[in-house]
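Below: one structure, written as structure tokens.
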Amino acid sequence: MSFCVTVAVFDIGTKMKITAPIDKVEEVKYLIEAGADELYCGVYHSAWYNTLTRPNIKPSSKSSLKSFKDFGKIVQKAKGYNVPVYITLNAYYYRKDSYNLIKDDLEKAINLEASGFVVTDISLIKEIKRICKDKPIILSTMGNCFNTETISYYKDLGVSRIVFPRDLSLSELEYLYEELKRKNIELPLEIFVQNLTCRNVNGFCRYHGYLPSQKSQFLMDRIIRGFNKILTAFYPYLFVNYILPLEKKYRDKYCKPLPCMLKYKAVFISRFNNSKETVYPFWIGEPYQSICAACGIFYFKNFGIDYVKIIGRGLPTSKKIKDVRFIRSLTTILNEQSLDFDEFFKKGQENYYQIYGLHCKETECHYPSFVKKRIGAKIDE
Amino acid sequence: MNDKSTVTIEKGIHIISFPCGEPVDEYERLYIGDDFCERLIPEVSDLERILEYTQHSNKKFTLLTAYYTDKGLEKLKVVLDILNSSGRNIEITVNDFGVLKILNSHFLNLIPILGRLNTSLLLHPYSRAAGLLNSRNKLHRFFRERFSLANEYLEFLHECKIKRVEFDNIYSLPLFADSFLKEDIAVSLYYPFTYVTTSRRCLFASRKAVSSRFALLGCKKECLDYKLILQNRNIGQKIFVRGNAQFINNKIKQNITMICKKLGVDRLITFSI
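So the sequence lines, in the order shown, correspond to chains E and D.
Per numbering that gives the first Met the number 0, residue 0 is the first one in the first sequence, and the count goes up by one each step.
Per numbering that gives the first Met the number 0, residue 0 is the first one in the second sequence, and the count goes up by one each step.
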């Protein structure tokens, strides 16, 4: 698709909102002061340890709060700044063993005055609509909204905001926005701007639940311990036959880095004559950890996107604060100055250097081909 | 609820392109299209040939659909329109709720079935509850109850007129098949490859356009000419790549037809990379 670069002009006051991750109570003040307009977090408490499901999509317990007590504190602190706090309940599915648990969590979150919910599971969306009609439901990126029909489907279910998958290019976002306008589908839209590491489609990726490195070793231990506890209570003979092999298998084989982070020996095989070509090393994932889409902000507002989301639950507080400060600096530039993309891009690079102490790199850019051809060029990705 | 003792298994095969190189005589059903990539929607001319072939050879027909951008969806609608007006019982495998929406509102002659991209999310592909395939009843019941699906989810499937769900992980069947069967929702199995992930930065297309993060857009359908196998000694299994999706081989030692019968699966689809 041809995508013409234009000058973005914003009304002062129509500020693009920044949604920031939080996983510690003490981060509230710093993140809000850095410029966060909304906070989101998950709660992974002890009742979940004995289930084989997680309350939200982040695999590591480090990425979530440990209790609803902490969640309540965050909500109350943020209330002081008039900042809403959303809770992520965005596992793909909640099976029967965890459905009652998630309903309990939902009620606790409502009682603690959560501002809304980030959800994927359709059953849960319906449950939330049944219990509390007024609370906003944000469809997680796991909902895979690549087209207007899917967006409209979720809107009919009662979703009040959509988080786009990270896999849409700027030209695709523009086309999607034009289609939404043409079909009169109005819904607030949100997109990721920082730390977009994944290369695969998030909502369909099963490396997500893969048990990586030492961080998730802890989680796996909890699962195995929970498994052992329940099963051996009822079926002691199973311990030898089932649990031990499972434990050994996971520990020895699967507690390794995520498969998408490894380099591979790749063998391309022709379907016609079976000839082989070997490539090594071959990367299937994203070797860079903090992919940045901040320059896209220049266009997002024109594509009807009102919220930009920073990924980073589980990251150090300092990194979260820098991310919020950087994104806030860009939205402020857009709000206060009339710039073309080249000027905006230069200012963005300066701010990046000031805040992170590093130069922004093409290898860590989410829209590299776009940025390369940025001025007056027609982009054909 | 289906009676497992009387289950007859329908044999299907997924073919990448038509006419396909391999013999399909022994199969009653052909699966056409792709459930991961919007670039692989069959061309109208191919579709007409397939419809003619399946009619003459008395074979049934299922179209696989993926997740789509609006452009892909427009192309798909043309294909659905042809199938809808063909007057045959044609199944559409749905992996995108937008497709489900248009099927239930515009193409009422087509039969929606829930694709494996959705069911693959139920159990991790690397989970190996192998013992359950031949387990004692008590153990099986214990796990099945723990893993069974929430009623709300099953109600949603009924609302969407879903009468069949598709799996590609043999190990998830002992845990989930009964949840569907007791609701009169039939279960299919793709075998032997189990889906792991999909990307819009296709590994075939990105060979030539490494700088782009959206390499699907630079695609020349290289995946129809090549398949790809990935090896790393840290990963227990090879990863098989077809198009923009990655799979592992979950072939089991037992007789797959017997296992399917035991679990109430009434369709077995041969799926190769």
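Each residue gets a CB set at the ideal place from its N, CA and C atoms; glycine is no exception.
Closest Cβ-Cβ distance between residue i and chain D: below 7 angstroms?
| i | result |
| --- | --- |
| E/Arg-160 | no |
| E/Ile-268 | yes |
| E/Lys-360 | no |
| E/Phe-203 | yes |
| E/Arg-181 | no |
| E/Asn-350 | no |
| E/Val-323 | no |
| E/Leu-261 | yes |
| E/Tyr-29 | no |
| E/Tyr-279 | no |
Rounded C-beta distance between residue i and residue j? I'm assuming under 8 angstroms.
| i | j | result |
| --- | --- | --- |
| D/Thr-196 | E/Asn-199 | 4 angstroms |
| D/Tyr-190 | D/Glu-165 | Between D/Glu-165 and D/Tyr-190 the Cβ distance is about 11 angstroms, and since that is not below 8 angstroms, they are no contact. |
| E/Leu-179 | E/Gly-303 | 7 angstroms |
| D/Leu-75 | D/Val-98 | 7 angstroms |
| E/Asn-146 | D/Asp-69 | 5 angstroms |
| D/Ile-8 | D/Leu-267 | 5 angstroms |
| E/Asn-194 | E/Ser-289 | 5 angstroms |
| D/Leu-113 | D/Leu-156 | 7 angstroms |
Closest to residue i by C-alpha separation, out of the options, would be which residue?
| i | options | result |
| --- | --- | --- |
| D/Glu-27 | D/Asn-57, D/Lys-74 and D/Asp-45 | D/Asn-57 |
| E/Thr-277 | D/Lys-220, D/Phe-106, D/Tyr-225 and D/Phe-17 | D/Tyr-225 |
| D/Ile-258 | D/Pro-173, D/Tyr-66, D/Val-43 and D/Phe-239 | D/Pro-173 |
| D/Asp-95 | E/Lys-300, E/Met-141 and E/Ile-101 | E/Met-141 |
| D/Val-273 | D/Leu-229, D/Lys-260 and D/Phe-60 | Here chain D covers residues 0 to 272 and nothing more, so residue 273 of chain D does not appear. |
| E/Lys-132 | E/Ile-17, E/Ile-109 and E/Tyr-355 | E/Ile-109 |
| E/Ala-113 | E/Ile-127, E/Tyr-91 and E/Leu-195 | E/Ile-127 |
| E/Glu-363 | E/Thr-52, E/Ala-293 and E/Ala-46 | E/Ala-293 |
| E/Gly-284 | E/Ile-296, E/Cys-291, E/Arg-312 and E/Tyr-263 | E/Tyr-263 |
| D/Ile-169 | D/Leu-156, D/Thr-118 and D/Ile-101 | D/Thr-118 |
| E/Val-323 | E/Lys-345, E/Tyr-355 and E/Asp-339 | E/Tyr-355 |
| D/Arg-38 | D/Asp-183, D/Thr-64, D/Arg-232 and D/Glu-51 | D/Thr-64 |
When the Cα atoms are used, what is the spatial distance from residue i to residue j?
| i | j | result |
| --- | --- | --- |
| E/Asp-120 | E/Pro-164 | 16 angstroms |
| D/Phe-246 | D/Lys-252 | 19 angstroms |
| E/Arg-327 | E/Leu-261 | 34 angstroms |
| E/Leu-88 | E/Ile-184 | 25 angstroms |
| E/Gly-79 | E/Thr-331 | 23 angstroms |
| E/Phe-271 | D/Glu-151 | 47 angstroms |
| E/Asn-334 | E/Pro-187 | 19 angstroms |
| D/Tyr-30 | D/Thr-92 | 9 angstroms |
| E/Phe-67 | D/Leu-229 | 43 angstroms |
| E/Tyr-253 | E/Pro-54 | Caution is warranted here: a pLDDT of 42 is assigned to E/Tyr-253, below 50, making its placement in the model unreliable, and no coordinate value can be reported. |
| E/Asp-22 | E/Pro-315 | 10 angstroms |
| E/Tyr-298 | E/Val-307 | 12 angstroms |
| E/Phe-191 | D/Gly-263 | 43 angstroms |
| D/Asp-24 | E/Ile-136 | 50 angstroms |
| D/Asp-80 | E/Phe-116 | 38 angstroms |
| D/Ser-147 | D/Val-186 | 15 angstroms |
| D/Arg-115 | D/Leu-72 | 19 angstroms |
| E/Trp-282 | D/Ser-198 | 13 angstroms |
| E/Lys-28 | E/Val-74 | 12 angstroms |
| D/Arg-163 | D/Ala-244 | 23 angstroms |
| D/Thr-193 | D/Tyr-67 | 22 angstroms |
Just grab the DSSP bridge partners of residue i for me.
| i | result |
| --- | --- |
| D/His-13 | D/Tyr-30 |
| D/Asn-248 | D/Phe-192 |
| E/Gly-115 | E/Tyr-85 |
| E/Val-266 | E/Thr-277 and D/Ile-228 |
| E/Cys-40 | E/Ile-86 |
| D/Ile-238 | D/Leu-229 |
| D/Pro-111 | D/Ile-91 |
| D/Lys-219 | Note: D/Lys-219 sits in no beta bridge, so no partner. |
| D/Phe-60 | D/Leu-29 |
| D/Phe-270 | D/Pro-191 |
Any beta carbon of chain E sitting closer than 7 angstroms to that of residue i?
| i | result |
| --- | --- |
| D/Lys-252 | no |
| D/Arg-38 | no |
| D/Asp-224 | yes |
| D/Arg-241 | no |
| D/Gln-236 | no |
| D/Lys-162 | no |
Taking 6 angstroms as the cut-off, is the CB of residue i close to at least one heavy atom of the ligand GDP?
| i | result |
| --- | --- |
| E/Phe-67 | The ligand GDP is not part of this structure, which contains no ligands at all. |
Quick one: does residue i have its CB under 7 angstroms from some CB of chain A?
| i | result |
| --- | --- |
| E/Ala-265 | Looking at the structure shown, chain A is missing, and the protein chains on hand are E and D. |
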